[in-house]
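Below is one structure, written out as structure tokens; the observations come after it.
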Amino acid sequence: MSTPRVPDGPTDDLTLPCGHAIGIDNLDMGMREFSCPCGDDHAVVMDIHPLSRWVPEEVASVLRETIVPDDEYDEFGTIHLMAIVREEFPERVVDYDASEDPTVGYALCWVSDHSARRLHEIIVELLIELMDHAVSHAEDDAVKTTFSDQLASFNVASFVTLYRDQRDFERP
Ligand SMILES: [Zn+2]
563 MSTPRVPDGP TDDLTLPCGH AIGIDNLDMG MREFSCPCGD DHAVVMDIHP LSRWVPEEVA
623 SVLRETIVPD DEYDEFGTIH LMAIVREEFP ERVVDYDASE DPTVGYALCW VSDHSARRLH
683 EIIVELLIEL MDHAVSHAED DAVKTTFSDQ LASFNVASFV TLYRDQRDFE RP
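The sequence shown begins at 563 in the working numbering and counts up by one.
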């Protein structure tokens, strides 16, 4: 049940993993990290954020083609990704359901007690596991070999550094 929002009043809609409670109006659609009064930065993810926040569009499209979600969604997206993250870190990620509130511009929001960068690394690691699993079912042995060759020389931390630099550079 949603309670009407009191303008300018203190509202603590969401208790973060660190124990701090915040009003949901502290978060906006463009936000990727929240500087918390606890002193840490917490990663903020919304369902409207594209997978390309973390991986190149080519990888995102491979994920969409290879993973068929068994829910009402047509294709794999951020909501599925965050479900996997929550499964891995149930104590460290909270979510907020804003689907009843059309004014905020998103339906679901997650706050993790990781920094945005650390969460990025975790997500890339989880996606590699997912793709590895998908590729292991591939018919074509050449695909498997190519993938494991690429994986062998892949460094998550340097990928994330590079990708974040590039993405932030391209963002207007
Ligand atoms: Zn905090």
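Think of the CB as a built atom: it goes at the ideal place given N, C-alpha and C, for glycine as much as any other residue.
If you're wondering where the values come from, they're calculated on a predicted model, not measured in any experiment.
In the DSSP assignment, A605 is bridged to E595. Counting only the Cα atoms, H676 lies some 11 angstroms from E653. Checking the 7 angstroms criterion, the Cβ of D602 is within range of a heavy atom belonging to ligand 1.
As a beta-bridge residue in DSSP terms, L576 pairs with I584.
Relative to the Cα of D659, the nearest Cα in the group N717, D609 and D711 belongs to D609. Under DSSP, W672 shares a beta bridge with V607 and D657. For the pair L576 and V647, the CB atoms are not nearer than the 8 angstroms cut-off. Per the Cβ contact rule, the region 638-645 is not in contact with the region 659-668 (fewer than 3 Cβ pairs under 8 angstroms). About 12 angstroms separates the Cβ atoms of A678 and R729, ruling out a contact at the 8 angstroms cut-off.
Of all C-beta pairs linking the region 702-720 to the region 667-675, fewer than three are shorter than 8 angstroms, placing the two stretches out of contact. By the beta-carbon neighbour count (other beta carbons within 10 angstroms, threshold 16), V630 is exposed. Residue environment for M591: exposed (fewer than 16 other C-beta atoms within 10 angstroms of its C-beta). A straight line joining the alpha-carbon of V607 with that of S614 spans about 13 angstroms. A distance below 8 angstroms between beta-carbons, with the five flanking residues on each side excluded, links L689 to the following residues of its chain, in chain order: W616, V617, V621, L625 and L643. Shortest gap from the CB of H642 to any heavy atom of ligand 1: 7 angstroms or more. Each residue's CA atom was taken as its position, placing A583 and C600 some 10 angstroms apart.
Of A700, H604, H695 and G581, the smallest CA-CA separation from R680 is found for H604. Within 7 angstroms of the C-beta of C671 there is not a single heavy atom belonging to ligand 1.
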